[in-house]
Amino acid sequence: MKRRSSSHSPGLIFHIYNRGNNRGVIFHDEADHLFYLLVISEARVKFGFKLFAYCLIPNHYHLVIQVGDTPIYKIMHWIQLRFAIRYNKKYAHTGHVFEERFHSELVAKNSYFLELLRYVHLNPYRAGLAKGLLDYRWTSAHSYFAPPGEIEIDSDFPLSVFSDDENEARTRLREFFEAGITESTTDPGPAPDPLHPQKDAWEDSLNANYKDFGIAAAILRGESRTRRVAAARRDLMRRAYQAGISPHTIARHLNRSISLIYKELRDPELSA
């Protein structure tokens with residue numbers, strides 16, 4: 017089980033996820049989905065958090081939330097309790113509805129944040145429930161690309177990363193999400209610790225690389241060998257090495273062979 021963060025400070029972003037007890041179904045029908053989204057919407061107003069993404073799969077869910085003054089554990093306790101009370105009454109169920117209280121990971125506003133949004137929105141595709149980004153009803157993809165969607169979300173920041181023009185931003189964000197169908201559909205991995213960035217030289221290198229090239233880490237780890245991606249990949253290797261990260265660690269992060277990393281660090285003309 018991944019760690020559950022107890023830290024609180026206004027502005028922290030969390031990836032929240034949970035599944036049904038014993039991996040059981042928690043969203044049986046349309047009414048269950050709609051009620052959970054209603055509860056989230058009410059909580060968003062009540063507790064003043066920002067909702068960047070959601071995805072409801074029959075036996076689990078994902079949320080990406082930026083908290084305000086209220087700690088995440090209070091928000092999630094309120095949401096899950098309201099849903100569980102209705103669930104138990106509707107299905108004459110006793111015992112736990114969810115497997116855990118909830119799982120949470122701190123997330124920084126960097127390239128990992130964008131990878132996480134893509135990961136959440138492509139959950140239905142990976143689960144075999146959809147063939148495309150907008151084929152599944154119960155994600156916030158519709159709120160981003162076919163508004164208004166089922167509930168209101170806070171899309172301004174994710175869109176602003178791609179462009180100041182809203183239409184262009186939506187187009188580019190959608191392209192980024194859909195590229196994940198062929199580039200990478202796996203878990204983006206453990207989140208870097210935004211409370212201690214000085215301890216994470218890899219994350220510092222990744223952030224600097226993303227600022228210069230605008231290419232997400234998932235793409236750099238993938239199979240793309242376009243000139244721009246290869247240049248970004250080479251740059252990241254060198255930044256990381258100069259920051260004191262070992263070639264073996266760089267190889268693991270980039271899903272590359274150690275021999276390729278050594279060659280690239282010796283010869284700047286070799287392709288990544």
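Under our numbering, think of the first position of the sequence shown as 17, with each following residue one higher.
Where is the CB? At the ideal position from N, CA and C, for every residue including glycine.
In the three-state DSSP reduction, Glu168 falls in the coil class, being neither helix nor strand. Around Leu133, the same chain offers Phe68, Ala69, Val80 and Pro174 as residues with beta carbons nearer than 7 Å, after the five sequence neighbours per side are excluded. Excluding five sequence positions before and after Pro74, the CB atoms of its chain that fall closer than 6 Å to its own CB belong to Val41 and Phe43, given in chain order. When the beta-carbon positions are compared, Phe114 and Asn38 stay at least 8 Å from each other.
Look at the region 39 to 76 and you find these whole runs of alpha helix (DSSP H), each 4 residues long or longer: 46 to 63. Within the same chain, Ile167 come within 6 Å of Ser57 by CB-CB distance, once the 5 residues on both sides are set aside. A contact between stretches requires three or more CB pairs, one per stretch, nearer than 8 Å, and the region 222 to 229 fails this requirement with the region 168 to 187. Distance from the Cα of Lys90 is smallest, within the candidate group Ile235, His109 and Gly64, for Gly64. Here DSSP, grouped into helix, strand and coil, assigns Ile266 to helix.
The three-state secondary structure of Asn271, taken from DSSP, is coil. Put simply, of Arg35, Phe161, Asn183 and Ala143 the residue whose alpha carbon is nearest the alpha carbon of Phe193 is Phe161. In the displayed model, Tyr152 falls within coil according to three-state DSSP, outside both helix and strand. Under the three-state reduction of DSSP, Val123 is assigned to strand. For Ile95, the enclosing alpha helix (DSSP H) covers residues Ile88 to Lys106. In the three-state DSSP reduction, Val136 falls in the helix class (H, G or I). Counting along the chain, no alpha helix (DSSP H) covers Arg35; the unbroken beta strand (DSSP E) around it starts and ends at Ile29 to Arg35.
The C-alpha of Asn223 is placed about 19 Å away from the C-alpha of Gly27. Around the C-beta of Val136, 16 or more other C-beta atoms lie within 10 Å, and the residue is accordingly described as buried. Straight through space, the alpha carbons of Ile101 and Ala124 are spaced by roughly 33 Å. DSSP links Phe114 through a beta bridge to Gly36. Selection Arg272, Glu219 and Ser23 evaluated against Gly84 yields Ser23 as nearest (Cα-Cα).
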